[in-house]
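In the UniProt record's numbering, the protein residues as written are 1 to 250.
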Ligand SMILES: NC(=O)c1ccc[n+]([C@@H]2O[C@H](COP(=O)([O-])OP(=O)(O)OC[C@H]3O[C@@H](n4cnc5c(N)ncnc54)[C@H](OP(=O)(O)O)[C@@H]3O)[C@@H](O)[C@H]2O)c1
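Now the structure itself:
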């Protein structure tokens with residue numbers, strides 16, 4: 001029997017940045033489990049990636065709402081007895097809300113903290129025992145909003161990931177497991193903005209970069225592939241900005 005492939009779990013792997021990460025990791029020789037709430041979206045992404053890569057069974061789809069502790073076990077079940085080489089916590093997004101009442105404020109903040117913090121914390125905690133020792137990798141997808149504000153509870157939620165990443169890096173360092181944050185700037189070709197994006201908003205974000213263009217999912221996937229790859233073993237507890245120069249040096 002040949003050597004088993006490395007295994008990665010990518011949350012939000014059915015769309016946008018996560019799908020690009022999943023595709024890239026398959027090219028790098030990983031088997032990938034993609035997780036999201038919409039099974040049909042995951043299934044079609046998995047089928048497309050396997051077909052493009054010419055490798056049947058390279059991607060497994062697991063439908064789960066990662067804010068719900070009761071649903072995270074489905075991912076653990078899909079991993080089974082295998083070691084997990086990389087957990088890419090990419091699920092998340094900006095959720096709108098109301099400030100008309102304190103109850104509305106609480107709902108708005110809970111929604112953004114749930115989607116961006118709890119999804120990562122619950123998935124990572126559930127997979128901790130399965131992480132490969134030595135050599136495992138954890139990556140958290142943050143946002144430029146964590147570094148320069150601009151999106152209220154979403155900015156705060158993403159910033160929370162940074163502090164948690166530093167603690168997790170310290171906790172897992174002795175096992176030679178690295179933990180890093182990738183912080184994207186504006187990335188087009190995702191579901192992130194839904195119908196919120198306008199031509200003016202797009203132009204403003206492009207103008208804020210030093211390179212004069214919007215990011216694409218593959219720009220972010222390249223950073224994730226580096227961090228989970230074999231050459232990044234001495235990089236841990238870091239925040240890597242991939243933002244076209246919109247925010248400098250932090
Ligand atoms: N696009 C940008 O400009 C940008 C910039 C900075 C940071 N980011 C961050 O990059 C990450 C990827 O976003 P994207 O731009 O690729 O947007 P996207 O296409 O909307 O991807 C977000 C993914 O997360 C999944 N997801 C959301 N909530 C979930 C939950 N509770 N449980 C499981 N899966 C969940 C979604 O799938 P389901 O809906 O099927 O669950 C979706 O596949 C996000 O964390 C986002 O905040 C994006």
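Beta carbons are placed, not taken as given, at the ideal position from N, Cα and C, and that holds for glycine.
Exposed or buried, what is residue i when buried is set at 16 or more other beta-carbons lying within 10 Å of its beta-carbon?
i, result
"residue 86", "buried"
"residue 1", "Low per-residue confidence applies at residue 1: pLDDT is 45, beneath 50, and the placement is therefore not dependable, though the value from the model is reported in the following sentence. With fewer than 16 other Cβ atoms within 10 Å, it is exposed."
"residue 13", "buried"
"residue 169", "buried"
"residue 4", "exposed"
"residue 269", "This structure gives no information on residue 269, because the portion of the chain shown stretches from 1 to 250."
"residue 31", "buried"
"residue 20", "buried"
"residue 18", "buried"
"residue 230", "exposed"
"residue 203", "exposed"
"residue 217", "buried"
"residue 205", "buried"
"residue 244", "buried"
"residue 68", "exposed"
"residue 42", "buried"
"residue 167", "exposed"
"residue 221", "buried"
"residue 103", "exposed"
Return the Cβ separation of residue i and residue j in integer angstroms, given the expectation that the two are a contact with Cβ distance under 8 angstroms.
i, j, result
"residue 126", "residue 182", "That pair is no contact at about 21 angstroms."
"residue 225", "residue 24", "5 angstroms"
"residue 91", "residue 66", "6 angstroms"
"residue 115", "residue 93", "6 angstroms"
"residue 6", "residue 29", "7 angstroms"
"residue 53", "residue 27", "6 angstroms"
If you measure between the beta carbons of residue i and residue j, is that distance less than 8 angstroms?
i, j, result
"residue 11", "residue 123", "yes"
"residue 50", "residue 39", "no"
"residue 246", "residue 185", "yes"
"residue 109", "residue 98", "no"
"residue 236", "residue 180", "yes"
"residue 178", "residue 233", "yes"
"residue 112", "residue 153", "yes"
"residue 9", "residue 59", "no"
"residue 140", "residue 106", "no"
"residue 137", "residue 228", "yes"
"residue 64", "residue 72", "yes"
"residue 190", "residue 16", "yes"
"residue 215", "residue 187", "yes"
"residue 147", "residue 82", "no"
So is the beta-carbon of residue i under 7 angstroms away from any non-hydrogen atom of ligand 2?
i, result
"residue 249", "Here the bound small molecules are ligand 1; ligand 2 is not part of this structure."
Sufficient close CB pairs (3 or more, under 8 angstroms) joining the stretch 188-199 to the stretch 147-158: no
Are there three or more Cβ pairs, one per stretch, closer than 8 angstroms when the stretch 126-139 is compared with the stretch 202-217? no
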